[in-house]
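Please read the structure below before turning to the comments.
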Amino acid sequence: MPQDSSFEEIPLPLFADEATEVDGVLPKARLPSYIKDHRARLRERFMTGGATSVPDYELLELILFRSVPRKDVKPLAHRLLKTFGDINRVITAPTERLAEVSEVGPAIITDLKILEAAAQRLARARVMQRQVLSSWDALLDYCHTAMSHLEIEQFRVLYLDRKNVLIADEEQARGTVDHVPVYPREIAKRALELNASAILLVHNHPSGDPTPSESDISMTQQIVAALTPLGITVHDHLIIGKSRELSFSAEGYL
3 MPQDSSFEEI PLPLFADEAT EVDGVLPKAR LPSYIKDHRA RLRERFMTGG ATSVPDYELL
63 ELILFRSVPR KDVKPLAHRL LKTFGDINRV ITAPTERLAE VSEVGPAIIT DLKILEAAAQ
123 RLARARVMQR QVLSSWDALL DYCHTAMSHL EIEQFRVLYL DRKNVLIADE EQARGTVDHV
183 PVYPREIAKR ALELNASAIL LVHNHPSGDP TPSESDISMT QQIVAALTPL GITVHDHLII
243 GKSRELSFSA EGYL
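Heads up: the sequence shown is residues 3 to 256, going by our numbering.
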């Protein structure tokens, strides 16, 4: 029987799980009441008690509500946490690894990557254009947020002006799980372009252990040798591990 061409489906509201009948027309699929009630209670508890009122799996559920509007996402939240270990590692997991998890599709991956980018920008905003020594804890928080969960080595250079204010934060290179190529001449060139008076070196160890390797120490010495004749100081080299960091300056390597 031919369909009535005048039939028009009513668009779903912003929260698809809150969709109701409108003018006698139902959405294509309605969320079962028990899931709808669970989502409502969880949202209310979060908004009333804040982040500390919900464990990791429920916080992850709240994130997944927007990505998966018509399904119970509790099993998926548990599966993601079991796969990656904690909510930080879920959010920062590489796209290809997320895609390997059952029921994780483009919508979920996109939302998680948006959340990761937002977290990094919030942390970065606390240190940019600020005096590094007076915001050292915030700087360490930013470095851990941006790098501690990466599965490959990343090398960043933080450029400072004469007042030790952070004027630029740039990724210099990415490498493998245990090596990253670094070019002292490129760092020196960029420091001159920015009129920087000092720099901080930062890289991560995906193994989780921030103990410097011989190549880490040698590379740092090469950068110091390249910058010293230019009057540019290397204040520190931070190695970011999973839960702690190592400072070359504090440990006597600089």
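Ideal Cβ placement from N, Cα and C applies to all residues, glycine included.
I'd like to know whether the C-beta atoms of residue 117 and residue 201 end up nearer to each other than 8 Å.
With contacts defined as CB atoms closer than 8 Å, residue 117 and residue 201 fail to qualify as a contacting pair.
Output the distance between the C-alpha atoms of residue 205 and residue 36, rounded to the nearest integer angstrom.
47 Å
Return the CA-CA distance between residue 185 and residue 79, expressed in angstroms with no decimal places.
42 Å
Is the region 124 to 140 touching the region 157 to 175 in the sense that three or more CB pairs, one from each, lie closer than 8 Å?
Touching, yes.
Using 8 Å as the Cβ pair cut-off and three pairs as the minimum, do the region 241 to 256 and the region 214 to 232 touch?
yes
Determine the contact status of residue 62 and residue 82, defining contact as a CB-CB distance below 8 Å.
yes
Kindly indicate which residue of 111, 190 and 194 has the alpha-carbon position closest to the one of residue 222.
190
What span of residues does the beta strand (DSSP E) with residue 170 cover, start to end?
168 to 176
Quick one: Cα of residue 102 to Cα of residue 84, how far?
13 Å
Can you check which of these residues, 160, 163, 152 and 147, is closest to residue 97 by C-alpha distance?
Comparing Cα positions, the closest option is 152.
CB-CB under 7 Å to residue 257, same chain, minus the five flanking residues each way: which ones, in chain order?
Because residue 257 is not part of the residues shown, which for the chain are 3 to 256, the question remains open.
Please look up how many angstroms separate the CB atoms of residue 148 and residue 125, rounded, as I've assumed it's under 8 Å.
Rounded, the Cβ-Cβ distance is 7 Å, consistent with contact.
First and last residue of the alpha helix (DSSP H) that includes residue 151?
Neither: residue 151 is in no alpha helix (DSSP H) and is coded neither H nor E.
What first and last residue would you give for the beta strand (DSSP E) that runs through residue 206?
Membership of residue 206 in the beta strand (DSSP E) is indicated by the continuous run 200 to 206.
Determine, using beta carbons only, whether residue 173 and residue 208 come nearer to each other than 8 Å.
no
Whole alpha helix (DSSP H) runs in the region 33 to 75 with 4 or more residues, listed along the chain?
35 to 51 and 58 to 69
For the alpha helix (DSSP H) holding residue 114, just list the boundary residues, first then last.
108 to 127
Quick check on residue 228: buried or exposed, where buried means 16 or more other Cβ atoms within 10 Å of its Cβ?
Residue environment for residue 228: buried (at least 16 other C-beta atoms within 10 angstroms of its C-beta).
CB-CB under 6 Å to residue 259, same chain, minus the five flanking residues each way: which ones, in chain order?
Limits of the chain in this structure are 3 at one end and 256 at the other, which puts residue 259 out of reach.
Could you name the residues that DSSP lists as bridge partners for residue 247?
242
By the three-class DSSP mapping on this structure, what secondary structure does residue 235 have?
Note: residue 235 maps to strand in three-state DSSP.
In this structure, does DSSP put residue 103 in helix, strand or coil?
coil
When burial is assigned at 16 or more other CB atoms within 10 Å of the CB, is residue 123 buried or exposed?
exposed
Given this structure, state the Cα-to-Cα distance separating residue 145 from residue 136, to the nearest angstrom.
Residue 145 and residue 136 have their alpha carbons spaced roughly 16 Å apart.
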